[in-house]
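Take the first sequence: its letters are residues 183 to 1186, numbered as in the numbering used here. By construction, the Cβ of each residue, glycine as well, lies at the ideal position given by its N, Cα and C atoms.
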Amino acid sequence: MTPATPKAAPSGGTPQGQVLAMEQRVLEFWARENVAARALALNSDGPVFRFTEGPPTANGKPHVGHLFPRVLKDMGLRHRRMKGYRIISTMAGWDCHGLPVEVEVEKSHGWTSKKQILEYGVGPFAAECRKSVLAYVETWQQFSRRLGFWLDYEDAYFTMDPKFMESVWWSLKQLHGKGLLEKGHYVVPYCPRCETPEATHEVAQGYRDTTDPSVTLRLRLVGGAPDARPAYLLVWTTTPWTLPSNLAVAVGPEMDYVTFAEEDGSEYTLAESALERYFPQEKDRPKVLARFKGSDLVGRTYEPPFPGIVASTSERFHTYPAPFVTAEEGTGLVHVAPSFGVDDFQLGQEVGLGVFDPLDPSGRFTDLVPQVVGKWFKDADKILSEELHVRGVLWRRSTYKHTYPFCWRCDRPLMYRALDTWFVRTHKLRDELLANNAGVLWDPEHLRDGRFGNFLAEGKDWALSRNRYWGTPLPIWSCPKGHTVVVGGFEELASLHGRPLPANFDPHRPTVDELEVTCPDHHERMTREPYVIDTWYDSGSAPFAQFHHPFQSGTPFDTGAPLDYVAEGIDQTRGWFYTMLVISTALFGRPAYRHVLCHGMALDDQGKKMSKSKGNVADPMFTMERMGADPTRLAIYLSSYTESFRFGELTIRQTGLRPLTTLLNVLEFYRTNWDVDRVPPSETPPTTSDPLDRWLLSRLAGTAEAVDLSLERFDAHSAAQAIESLVQEISTWWLRRSRPRFWQEEVTPEKRSAYETLSYTLLTLAGLLAPLAPFSAEELFQKVSGNDYRTGAPSLHLLPYPRPQVPRDLALEGAMAQVLQVVETVRRLRNEAGVRSRMPLEELRIAGLAEGTLRAFGDRLAPLLQEELNVKRVELTPPEEFQGSKFSPEVWVLSRGEKPGEPSAALSRKPSRELFLEGLAREVVRRVQMTRKERKLAISDQIRLELWAEGDLAEALRAHQEWIAKECLATEVRLSTTTPPTTPEVRRWDDVEGASFHLLLEKA
RNA sequence: GGGCCCGUAGCUUAGACCGGCUGGAGCGCCCGGCUGAUAACCGGGAGGUCCGGAGUUCAAAUCUCCGCGGGCCCA
């Protein structure tokens, strides 16, 4: 959602605010220490990892569609960099050309047609296009920096850079030399507003539902019926504006057709299957006079819908057989206008119909059709239909809902139109494309043979030329004698020009066309084919053109080496992934990339599709400023990003923020304690015999291995999940169980082991987390290593990736799992008995533990459970004990393991008198601690304590007076049974197992 | 109209390729605990027609087919 309130980032104590503050700290550190640039310069002699940034079109602010690929790319690049690879290249890139940019400039002037560009001047127009692109680059850099996406923004490639364009020219010459670049007159999707054809991958972006007229004509057959009655063909179309261009009618030779008569005696012919559509009610259906195959209908002559518009020839206005006629729509008799349909054009070619195109380039009728001259083609529908109606040619009229392509930029309906167009003959490369795709690792896998593979198999040609201005000009010149030269570089152009090119030669239009170029053979002035090329060709050339290949020597570009990793949205299957593959196959005969990661499309928090009209499109910069980059990144990694997934502040809060809060709280715990004890952090795994610590180290080793393996496959999802569950385990088990060790007064060996295990774990975890959540990882590193962002401190992101240094102890992990099972069981028993954890119980008996568990823990098992479960005695007993009725329900709560391997447990139901008093003492201690906190005393502050109590409480306090003093850091504890004074300093506590007491607390 | 993908608790997801314990977690909810990690932390519980139906099988969330819903792509 785009919220109404700007940049109101929450702050203060919320987890969200803490994360934002943390990220700010990290950003300042990175900037101050120039960390990003230093990281990019790492590993200059390491093994090569090839990458190319898919250049976004820099003509607008980044949107969600730009966020996801960047988050996924960054994960892969950070991981490989930490593992010592030299990344080629880390250049940022900007896609500068194309219709989007032109449209932006046109809009700024309020122009509606191409003519206005010419009036304004192509030179100034191009200059504005350039300016428009550059205007957004700064915004994009801010966005990327905030996200933590590190690329080389200082040395970015721009597809409008003459050097880049020269490489593109070079490649086009190669294609031409291989017979892969050809001109033809073909039907292509055409936007009359933009006055240019579009490629299929562009058209693909603009389909939507629309309602068009549906008209059925009756076209009079010359000669009429056999008995000379008037006879008509019924012909259906949804584009009445193409009817003046009608040159033939197509029939399906194998299909069944029928004739029927209407009341006036006229005979009508249509496909048999169409009868039901036109006469849904059986009772209305006319009587069929004759039934025959379409082939019997071939060769008839009819009167065109608009006689006199098009000259008749011996080929025109006849019925022809054609394979594309179907029985599913219309009448089975298809209106053929070769200028305006792919099938129509092909049929026209075959039988020699010629073409008739009465539109000017902007889609308005010329005087070839007088009744609609000057009209926009869609506006002619009504006028022409009305005329047909008046003349009695219109038989039925209604509307028709279907999906139809609209221009992806200007949102006007496209048309299919026969034009002169330059093509990349990709159909000739079909088998090679398929072969080069076969070895690519697609994620998700099904794309390889599914959507992408199917598209390649279609083997459609790529319409390359655009009748526009702001793009790489098609470098093809021809002379009046028909001689054609494809120019593959500026030097070659200079030689045709006859002298050096002007300094700072700009190959864009219009300067390129102002250059005098002479035909080397006929010595006549040559003119350039007046097109620019599809901007997708530019970006598809980025892997080599960013290096100015082959003009620049000594670049790291290798003609034999595909990219190791690319990541973009699934929409790029027909976009960048396609154009890169075509170009690399044509030029270098190899695949363009080894591993492709494709993310799905974003839905909003409610699972609804994001669309501009709904206003639910997330602004990623805003989202990051509110939620933080790491929560945003984690939310993506933890989602099923290869499919469509929800993305919004709610989702980020629920999925991305949560695991980070837990982790940062663990860190907070560590730091709070570390500030007191100052045990040096351990960069290597501590040697310890503590089973809890050894368990954590083993879990860490397992996680490290799993995360690394996942990231090797660029599987951020599994990696993030593995980290998330380790964080969970640290927090819910290791830390909780280790707390008593941190409370110890002195730095005992156990306490040291806890510190070292935790610091080592957190430092390693920081490394594992670095590719995914670089900010939190840095925070973890700085705070645990003790570097604390001081000037000159090392950054985590300049350090190598952590390697597991401890072998896993699977036996111990299995044993711990069983211990956790016991803990869970006994907690349930306590719940059942209604005895809170603070109240100690006498005894716990356990049976059915695996042999391995007992071996792994030796005699440490009992103390571990004793503390965790607050029982005085833990006995391991033989399973037989649980079979009889030895445990009376009066005394014990019981859980019998039912499945094999499940332990049984019996717990004392009630505390003894003695334990009850101990429990009461603990209740009092807890309240004293709360009071200390209320008074904002430091952890280490000593106090004097006075307590007033009666009955059981008084007895409990007397019995545990010393212990209370120790727990509360009290130099003295005085007990009174008198009435307490009613001064405000005396704090009253109620409801301690039904009783109340007072306390007075002073700093000693 | 065609192709590809997805559908597991209110939400995010594991399990599916390779059929087999009682479908597992986290968040949220309810109950409780803890109280110097504190807008934090911990336990327990409720909550699932594994989208529906049919088939294969001793056995189906998992394999097959047919629907329904959603997404993306194509015509």
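Q. In three-state terms, what does DSSP make of I491?
A. Numbered from 1 along the first sequence, position 309 holds the residue referred to as residue 491. Coil at I491, not helix or strand.
Q | the stretch 273-285 in contact with the stretch 310-324 per 3-pair CB rule at 8 Å | A | At 8 Å Cβ cutoff, the stretches touch.
Q: Rounded to whole angstroms, what's the CA-CA distance from S1122 to A1103? Just pull it up for me.
A: The residue labelled residue 1122 in the question sits at position 940 within the first sequence. The residue labelled residue 1103 in the question sits at position 921 within the first sequence. Using only the alpha carbons, I get a separation of about 21 Å.
Q) Just reading off the beta strand (DSSP E) that T603 is part of, what are its end residues? A) Here residue 603 refers to the residue found at position 421 of the first sequence. It spans 597-606 - the beta strand (DSSP E) in which T603 sits, taken as one unbroken run.
Q | Segment contact, 8 Å Cβ cut-off, at least three pairs: the stretch 449-459 with the stretch 596-616 | A | no
**Q.** Residue from L1127, L333, R214, K560 with nearest C-alpha to P237
**A.** In the first sequence, counting from the first residue as 1, residue 237 sits at position 55. Selected option, being the one with the closest Cα: L333.
Q: Return the chain-ordered ranges of every alpha helix (DSSP H) run that is complete within the stretch 551-620 and spans a minimum of 4 residues.
A: Restricting attention to alpha helix (DSSP H) runs no shorter than 4 residues, the stretch 551-620 encloses them at 562-572, 612-620, ordered along the chain.
Q.
Excluding the 5 residues flanking L683 on each side, which residues of the same chain have their C-beta closer than 7 Å to its C-beta?
A. The count along the first sequence starts at 1 and reaches residue 683 at position 501. If we look at L683 and ignore the five residues flanking it on each side, its Cβ neighbours are F672, L675, A676.
Q: Taking 8 Å as the cut-off, decide whether the C-beta atoms of R612 and L646 are in contact.
A: Translated into positions along the first sequence, residue 612 becomes position 430. Translated into positions along the first sequence, residue 646 becomes position 464. Judged by their CB atoms, R612 and L646 are not nearer to each other than the 8 Å cut-off.
(Q) Quick check on the DSSP output: the beta strand (DSSP E) that includes S920 runs from which residue to which? (A) Mapped onto the first sequence, residue 920 falls at position 738. Premise fails: S920 lies in the alpha helix (DSSP H), 917-925, not in any beta strand (DSSP E).
Q) What first and last residue would you give for the alpha helix (DSSP H) that runs through M257? A) Position 75 of the first sequence, counted from the first residue, corresponds to residue 257. First-last of the alpha helix (DSSP H) with M257: 246-264.
(Q) Let me confirm a value: H358 is counted as buried when at least 16 other C-beta atoms fall within 10 Å, else exposed. Which label applies? (A) Against the first sequence, residue 358 aligns to sequence position 176. That one is buried.
Q | Beta-carbon spacing of V433, V518 below 8 Å | A | Sequence index remark: in the first sequence, residue 433 carries index 251 (1-based). Sequence index remark: in the first sequence, residue 518 carries index 336 (1-based). Result no, Cβ atoms of V433 and V518 do not sit closer than 8 Å.
Q. Distance, Cα to Cα, L962 vs R881?
A. For the purposes of this step, residue 962 is identified with residue 780 of the first sequence, where counting begins at 1. For the purposes of this step, residue 881 is identified with residue 699 of the first sequence, where counting begins at 1. Cα to Cα, L962 sits roughly 19 Å from R881.
Q: Under 8 Å Cβ to Cβ from F1039, same chain only, skipping five residues before and after it: list those, please.
A: Stepping through the first sequence from its first residue, residue 1039 is reached at position 857. Contacts found: P873, A997, V1001, L1046.
Q | Local conformation of A186 per DSSP, three classes | A | For the purposes of this step, residue 186 is identified with residue 4 of the first sequence, where counting begins at 1. Confidence is the limiting factor: at A186 the pLDDT is only 30, short of 50, which leaves the residue's position unreliable and the question unanswerable from this model.
Q | Touch test, the stretch 710-722 against the stretch 754-765, Cβ-Cβ under 8 Å, three pairs minimum | A | yes
Q. What residues in its chain sit with their C-beta under 8 Å from that of T737, if we drop five residues either side in the sequence?
A. Here residue 737 is taken as the residue at index 555 of the first sequence, counted from 1. For T737, where only same-chain residues beyond five positions count, the Cβ hits under 8 Å are F729, H730, H731.
(Q) Does the structure place the stretch 439-456 close enough to the stretch 397-416 that three or more beta carbon pairs sit under 8 Å? (A) yes
Q | Bridge partner(s) assigned by DSSP for D277 | A | As a position in the first sequence, residue 277 is number 95, starting the count at 1. Bridge partners of D277: T239.
**Q.** Supposed contact pair F547 and V554 - C-beta distance, whole angstroms, cut 8 Å
**A.** Here residue 554 refers to the residue found at position 372 when the first sequence is read from its first residue. Here residue 547 refers to the residue found at position 365 when the first sequence is read from its first residue. With 8 Å as the limit, V554 and F547 qualify as a contact, their Cβ atoms being about 5 Å apart.
Q) Taking the alpha helix (DSSP H) that I912 falls in, what are its first and last residues? A) The residue given as residue 912 occupies position 730 in the first sequence. Taken as a continuous stretch (DSSP letters only), I912 belongs to no alpha helix (DSSP H), as it is neither H nor E.
Q: Figure out for me which residue from E640, S920, L994 has the closest Cα to the Cα of A883.
A: Within the first sequence, the letter at position 701 stands for residue 883. Closest by alpha carbon: L994.
Q: Mind checking which residues open and close the alpha helix (DSSP H) that includes L951?
A: Reading the first sequence from its first residue, position 769 is the one you call residue 951. 931-951 is the span of the alpha helix (DSSP H), which, as asked, contains L951.
Q.
Do L1026 and V1017 count as a contact pair if the criterion is CB distance below 8 Å?
A. Along the first sequence, read from residue 1 onward, the residue named residue 1017 stands at position 835. Along the first sequence, read from residue 1 onward, the residue named residue 1026 stands at position 844. No, the pair does not count as a contact, with Cβ atoms beyond the cut-off.
(Q) Please classify N1013 as buried or exposed, where buried requires at least 16 other C-beta atoms within 10 Å of its C-beta. (A) For this step, residue 1013 is matched to residue 831 along the first sequence. Using a 10 angstroms sphere on the CB of N1013, the tally of other CB atoms stays under 16, which defines it as exposed.
Q. Per DSSP, E1025 forms a beta bridge with which residues?
A. Counting from 1 along the first sequence, the entry for residue 1025 is found at position 843. DSSP lists R1055 as partners of E1025.
Q.
According to DSSP, D1041 sits in a beta bridge with which residue or residues?
A. The sequence position of residue 1041 within the first sequence is 859, counting from 1. BP columns for D1041 are empty, so no partner.
**Q.** Burial state of W925 (16 or more Cβ within 10 Å)
**A.** The sequence position of residue 925 within the first sequence is 743, counting from 1. Per the 10 Å Cβ criterion, exposed.
Q | DSSP bridge partner residues for R545 (one or two, in chain order) | A | For the purposes of this step, residue 545 is taken as residue 363 along the first sequence, with counting starting at 1. Before going on, a small fix: residue 545 reads as Gly here, not Arg. G545 pairs with nothing; no bridge assigned.
Q: Alpha carbon to alpha carbon, how far is T424 from G574? Give it in angstroms, no decimals.
A: Looking up residue 574 in the first sequence gives position 392. Looking up residue 424 in the first sequence gives position 242. G574 and T424: Cα-Cα distance of roughly 18 Å.
Q) V667 and D643: beta carbons closer than 8 Å? A) Here residue 667 refers to the residue found at position 485 of the first sequence. Here residue 643 refers to the residue found at position 461 of the first sequence. No, these two residues do not count as a Cβ contact at 8 Å.
Q. Of the choices A1131, H1142, P702, T767, whose alpha-carbon is the least far from that of D1173?
A. Along the first sequence, one-based indexing puts residue 1173 at 991. Of the listed residues, the one whose Cα sits closest to D1173 is A1131.
Q. Beta-carbon separation of I912 and L950 under 8 Å?
A. Counting from one through the first sequence, the residue named residue 912 turns up at place 730. Counting from one through the first sequence, the residue named residue 950 turns up at place 768. Cβ distance not < 8 Å, so I912 and L950 don't count as in contact.
Q | Status (buried if at least 16 other CB within 10 Å, exposed otherwise) for T184 | A | Translated into the one-based positions of the first sequence, residue 184 becomes position 2. In this predicted model, T184 has a pLDDT of only 31, less than 50, meaning its place in the structure is not dependable; the value taken from the coordinates is given anyway. Label assigned to T184: exposed.
Q.
Checking the sheet assignment: what are the DSSP bridge partners for P738?
A. Numbered from 1 along the first sequence, position 556 holds the residue referred to as residue 738. Its beta-bridge partners do not exist; DSSP assigns none.
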